[in-house]
Each structure stands twice: as structure tokens, then as C-alpha cells.
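In terms of the numbering used here, the sequence shown has 162 at position 162, counting the first letter as 1, and numbering is strictly consecutive.
Each residue gets a CB set at the ideal place from its N, CA and C atoms; glycine is no exception.
Here is the structure we will look at, set down as C-alpha cells.
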Amino acid sequence: MATEAESADPPAAYTALLDEIERYNAVGSAQSVLSWDQQVMMPERGTPARSQQLSTLSSLSHELLVDGDVGDHLDTLDDESLTTDQQAVVREVRRQYRRAERVPRDLVEDISEASSEALGAWESARENDDFDEFAPHLDELVDLKRQYAEHIDPDADPYAVLFADYEPCLPLSKAESILDELRETLVPLIDDIRASDADLATDALDGTYDTDTQEDLARDVLELLDYDFDRGRLDTSTHPFTSGNQFDCRITTRFDPEDPLGSLLPTIHEFGHAYYTLGLPDEEFGTPLGDDRDLSVHESQSRLWENHVGRSEDFWELLLPKFTDRFPQAEDLSVRDAYEAANQVYDENLIRVEADELTYHLHIIVRFEIERELIGGDLAVDEVPDRWNELYEEYLGLTPPSDAVGCLQDIHWSHGSFGYFPTYSLGSVMAAQLYAAADRDIDELDERFALASSTRLASGSARTFTATGNDTRRAS
Ligand code: CO
Numbered sequence: 001m002a003t004e005a006e007s008a009d010p011p012a013a014y015t016a017l018l019d020e021i022e023r024y025n026a027v028g029s030a031q032s033v034l035s036w037d038q039q040v041m042m043p044e045r046g047t048p049a050r051s052q053q054l055s056t057l058s059s060l061s062h063e064l065l066v067d068g069d070v071g072d073h074l075d076t077l078d079d080e081s082l083t084t085d086q087q088a089v090v091r092e093v094r095r096q097y098r099r100a101e102r103v104p105r106d107l108v109e110d111i112s113e114a115s116s117e118a119l120g121a122w123e124s125a126r127e128n129d130d131f132d133e134f135a136p137h138l139d140e141l142v143d144l145k146r147q148y149a150e151h152i153d154p155d156a157d158p159y160a161v162l163f164a165d166y167e168p169c170l171p172l173s174k175a176e177s178i179l180d181e182l183r184e185t186l187v188p189l190i191d192d193i194r195a196s197d198a199d200l201a202t203d204a205l206d207g208t209y210d211t212d213t214q215e216d217l218a219r220d221v222l223e224l225l226d227y228d229f230d231r232g233r234l235d236t237s238t239h240p241f242t243s244g245n246q247f248d249c250r251i252t253t254r255f256d257p258e259d260p261l262g263s264l265l266p267t268i269h270e271f272g273h274a275y276y277t278l279g280l281p282d283e284e285f286g287t288p289l290g291d292d293r294d295l296s297v298h299e300s301q302s303r304l305w306e307n308h309v310g311r312s313e314d315f316w317e318l319l320l321p322k323f324t325d326r327f328p329q330a331e332d333l334s335v336r337d338a339y340e341a342a343n344q345v346y347d348e349n350l351i352r353v354e355a356d357e358l359t360y361h362l363h364i365i366v367r368f369e370i371e372r373e374l375i376g377g378d379l380a381v382d383e384v385p386d387r388w389n390e391l392y393e394e395y396l397g398l399t400p401p402s403d404a405v406g407c408l409q410d411i412h413w414s415h416g417s418f419g420y421f422p423t424y425s426l427g428s429v430m431a432a433q434l435y436a437a438a439d440r441d442i443d444e445l446d447e448r449f450a451l452a453s454s455t456r457l458a459s460g461s462a463r464t465f466t467a468t469g470n471d472t473r474r475a476s
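This is how it looks when you write it as C-alpha cells:
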């Protein structure tokens, strides 16, 4: 068993392993920049070249992990004495290596190419409200990801194998029991809230808000939150997301003239992702110690800022002057009304990223059930729209009027990301636990938001999370 050896030089095999893994992660970072570009900047017809670039890098990255000396170094390190940090690095690399070595390179390339092409098809299908445009791509990705799971562990539930790509620390059964509990609690709670005759200012933000001004406001909010624009950017994309590392972590949002909260809250959400990433230790860049823990933890940071800060009454105290400054039309808006509007449970909400805090999890559970059935072979791709609508009716009492605002609304399946959705709810649960702990330990935590200067507001959040893991691309 390894023991502490803090002051000694690291074993030669460890240094060599780190070299290899830094190269492997550098390719991963390059992939994520190209992927960011594809979603934010790339001209519409750039897909064929981008698909080839990304699939070549996927293949190269796979080779760097499995075809070189990583496996030998890991074997050598079995018998070496390591510090706890070094043990953590070896543990994380070993987990990635064991999974990757089982997957043939051709399959890695096929998945990358198929998902890159599926992205364009999804965007177009969503725009044209035509599921059939996307269906063959989805079918191919389901098939490829099923093969991928079988290579990694032919005896396991393939969905559980895919889930472990995003959440390696929590068994699927545990995740499922958390989701079950959320569903059983939330469905009746939401019914009660909808039946309540409490008079809330749900329409306080109704109106039309110029989208360029909304963008100015989003930048104001990011400055208020101390987002470091020297190491980040704000852009728009179909689907808000965050991408990057501790030196360069970019966020995107989107704007709807009828819905200022629909860009404000996602902007705060993505800020939470970026703030965590930008807080990772610079000197560990390219190693598991300089990477995030996993998607649930990442999402706990975004949801912490979105739900527990961005939707709080005290934060609105700070935000409202900025809001009315940009939008004089809202000069009569009170903090209380804005707070009530930001926390309402919508009667009709079809879009996950615009969902309120409670119905959000039902959106996740619908996706979780459908992707499990898809990967398990219990649902055919052409049955997805009907199944989607059926589950929305059952859990949310809503039938989407079109697939564009139904099963085509999220980007994840076009990435081949099956097993990703549950991490959103798990992250929200973690965020609530973190916030409850902070609230217990810090006097008048909420009130401090209203008084906070940007630096005080920023202190003491994400920087306490030193993390390992290796996902570079994430959706919101
Ligand atoms: Co997120």
C-alpha cells in the first residue's frame, strides 16, 4: 500500500505518467476550443471540416492514452510509495485508462464524427421543427454508444456504463433513488402550488426587452459577480454552455426579447460553472488535480449561483438598480416583485433551461427515462417524440405543441451524451446541501449578498473545490 512521501522526489514513473497525461489533456483542451468554436463562431457550412478535425483529435487523444506507455507506468506505480495527491492522480488516470483501453479506436472516431454531424442536423431539425431530420443521426449515436458501453463492460447495464463517464463517483442506483425521491415529492408539491391562490407578482417582468440591452445587462451581472473577462468571454449560442480551463473559461447565453430571466439566470448559471473552473489550481493544469471533479460537482456550482444566489431576494436588491438602469421601462419594479417572478412555479414551462427550480427536475426525469429506454433497447428512435409528449403530460401536465420545444430542445443527444442529464439534478441537490451548510456556518449569509461589493461576494465559494476528472466539454 502506498504511504505518504511528501518531500521526496516523485518516482520516475510518476513524472513520466504526468508528461503523458498532460499531452493527452492538451489534445482534450484543443478539442473543446474547436467544439466551442463550432457552437459559437463557425460559419454554417463548416461542419465537414470540423467533423474531420474533431474526429482526428479524438483518435489522437485515444492513442495518447492507450497506445503509449501510460499502462506500463500505471503498472510500475502499483508498487511505488506515493503522496495522497499522487495517489489521486494515479487513481483518476487509471480509471480513464481502463475504460479507454477497451474501446477500439475506430469506434472512438466513429462516435466523434457522428456526433459532429449530428450537431448540425439537430440545429437544423430544431429550427425546422422536423424530428425526422435528426432521427437517423440519433439512431446512429444510440447504436454507437451502446457498442461503446459493451466494450467497456459487456456484463453491465450499458446505461450505467455511460452514466459513469459523467458521474464516476455515484452508482446509478443511488442516482436513480435520488431522482425517484424528487419525483415523488415534487409532483404533488407542484400540484399544490398551482392550486394555491397566493397572489404573487408572477407577471412582474412581462414585456419586451431589447436583446442588445439584455446582453449589456448580462455583462453588468457578470462584472457584479467578479467574472474575470481577462480569462473569459460571453457569447451567444443556441444552447448556453461553459467551456474551458483555469486560464480561459468561456460562457455563452441566449436572449429572448420576451423573457429577460431566460438569459439572466442561465448567465448566472454559466458563471457558476466558469467560476469553479477558473478557481482550479493553475499549477496543476493538464493533470487530474487541475481538472474538475465530475459533472454533478460542476453542476452543483452553477446551481448554487443560479438558485441560491441569483434567485434570492437579497441578490435582487443588488441587481435591481442595474436592471432598471438598463431597462427604465421597469422603474416601478420592486425587489420583492422581481424575487417573486424569479421564483414562481410556471403553469406552463416546456423548456428545461428556462424551468423554475421545482419543475426543473421533472424535465430531467423525462430525459433520464427516455435515454435509459433508448440505450436499453426498449424504445425506438422514431418513438421518442410520442414518448416525450406522454411523459410531459404525466409529470408536468403539458403537451408540447411541437418537437422543437419538445424532444429537440436539448443539444445533449446530438453530442451522443446519454447519461449526462441526471447530473443536473444531482448537482442541484448538492448545491442545496452546500448552501444549507454555508448558511449554517456563515452569519446572515443571504443579507450579505445585498451589501456585497463584487470582491466580497466572490470570496469563499468555488475555490475550496480542488478537483480531478477529465471532462472538457459541457453543456448547460
Ligand atoms: Co450547468
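Next item on the list: Enumerate, from N- to C-terminal direction, the unbroken alpha helix (DSSP H) stretches of 4 or more residues contained entirely within the segment 261-346.
Entry: 261-278, 295-303, 313-326, 335-342
Check: Leaving out five residues before and five after residue 384 in sequence, what residues of the same chain have Cβ atoms less than 6 Å from its Cβ?
Finding: For the purposes of this step, residue 384 is identified with residue 384 of the sequence shown, where counting begins at 1. Excluding positions up to five away in sequence, the list reads 407.
Item checked: Short Cβ contact (8 Å threshold) for residue 17 with residue 62 -> Within the sequence shown, numbered from 1, the residue matching residue 17 stands at position 17. Within the sequence shown, numbered from 1, the residue matching residue 62 stands at position 62. Not a contact, by the Cβ cut-off of 8 Å.
Check: For residue 419, does the three-state DSSP call read helix, strand or coil?
Finding: What you label residue 419 is simply residue 419 of the sequence shown in a count that begins at 1. DSSP places residue 419 in coil when its eight states are reduced to three.
Note to self: When you measure from the CB of residue 273 to every non-hydrogen atom of the ligand CO, does any distance come out below 7 Å?
What the structure shows: As a position in the sequence shown, residue 273 is number 273, starting the count at 1. The answer is yes for residue 273.
Margin query: On the DSSP letters alone, give me the boundaries of the alpha helix (DSSP H) that residue 449 sits inside.
Written below: On the sequence shown, residue 449 is found 449 positions in, with the first residue counted as 1. Run containing residue 449: 445-451, per the alpha helix (DSSP H) assignment.
Item checked: Whole-angstrom C-beta distance between residue 194 and residue 297, which should lie under 8 Å -> Stepping through the sequence shown from its first residue, residue 297 is reached at position 297. Stepping through the sequence shown from its first residue, residue 194 is reached at position 194. In fact, because the Cβ distance is near 33 Å, the residues do not count as touching under 8 Å.
Note to self: Suppose the cutoff is 6 Å on Cβ atoms and the five residues either side in sequence are ignored; what does the same chain contact list for residue 217 look like?
What the structure shows: Here residue 217 corresponds to residue number 217 of the sequence shown, with the count starting at 1. Here the set comprises 326.
Notebook entry, point to check: Counting contacts by CB-CB distance shorter than 8 Å, is residue 138 in contact with chain B?
Noted result: In the structure shown, chain B cannot be found, because there is only a single protein chain.
Note to self: Here's a check: name, in chain order, each residue in its chain whose Cβ is nearer than 6 Å to the Cβ of residue 126, leaving out the five neighbours to either side.
What the structure shows: Locating residue 126 in the sequence shown gives position 126, counting from the first residue. So the qualifying residues of the chain are 404, 408.
Check: Just to check, is the beta-carbon of residue 239 closer than 7 Å to a non-hydrogen atom of the ligand CO?
Finding: The residue you call residue 239 lines up with position 239 of the sequence shown. Not so, every heavy atom of the ligand CO lies at least 7 Å from the Cβ.
Next item on the list: Find the nearest neighbour of residue 110 within the set 436, 415, 79, 388, judged by alpha-carbon distance.
Entry: Taking the first residue of the sequence shown as 1, we reach residue 110 at position 110. Of the candidates 436, 415, 79, 388, the one whose C-alpha sits nearest the C-alpha of residue 110 is 415.
Notebook entry, point to check: Can you list, in chain order, the residues of its chain whose CB lies under 7 Å from that of residue 209, leaving out five sequence neighbours each side?
Noted result: As a position in the sequence shown, residue 209 is number 209, starting the count at 1. Within the same chain, residue 209 has close Cβ partners 257, 260, 327.
Check: What are the boundary residues of the alpha helix (DSSP H) that includes residue 143?
Finding: As a position in the sequence shown, residue 143 is number 143, starting the count at 1. Start and end: 131-152.
Item checked: C-alpha distance - residue 68 paired with residue 55, whole-angstrom precision -> Indexing the sequence shown from 1 puts residue 68 at position 68. Indexing the sequence shown from 1 puts residue 55 at position 55. Going by the C-alpha atoms only, they are around 19 Å apart.
Note to self: Can you tell me whether residue 375 sits near the ligand ATP, meaning its C-beta is under 7 Å from at least one heavy atom of the ligand?
What the structure shows: Looking for the ligand ATP in the displayed structure turns up nothing; the ligands present are the ligand CO.
Check: With C-beta atoms as the reference, is residue 14 less than 8 Å away from residue 77?
Finding: Working through the sequence shown from its first residue, we reach residue 14 at position 14. Working through the sequence shown from its first residue, we reach residue 77 at position 77. Yes, these two residues count as a Cβ contact at 8 Å.
Notebook entry, point to check: Comparing the CB of residue 269 with every heavy atom of the ligand CO, is any distance shorter than 7 Å?
Noted result: For this step, residue 269 is matched to residue 269 along the sequence shown. Correct: residue 269 has its Cβ closer than 7 Å to the ligand CO.
Next item on the list: Taking the CB atoms as reference points, tell me whether residue 303 and residue 436 lie closer together than 8 Å.
Entry: Here residue 303 refers to the residue found at position 303 of the sequence shown. Here residue 436 refers to the residue found at position 436 of the sequence shown. No; because the gap between Cβ atoms is not below 8 Å, this pair is not in contact.
Next item on the list: Please confirm whether residue 65 and residue 100 have their CB atoms less than 8 Å apart.
Entry: Along the sequence shown, read from residue 1 onward, the residue named residue 65 stands at position 65. Along the sequence shown, read from residue 1 onward, the residue named residue 100 stands at position 100. For the 8 Å CB-CB criterion, residue 65 and residue 100 form a contact.
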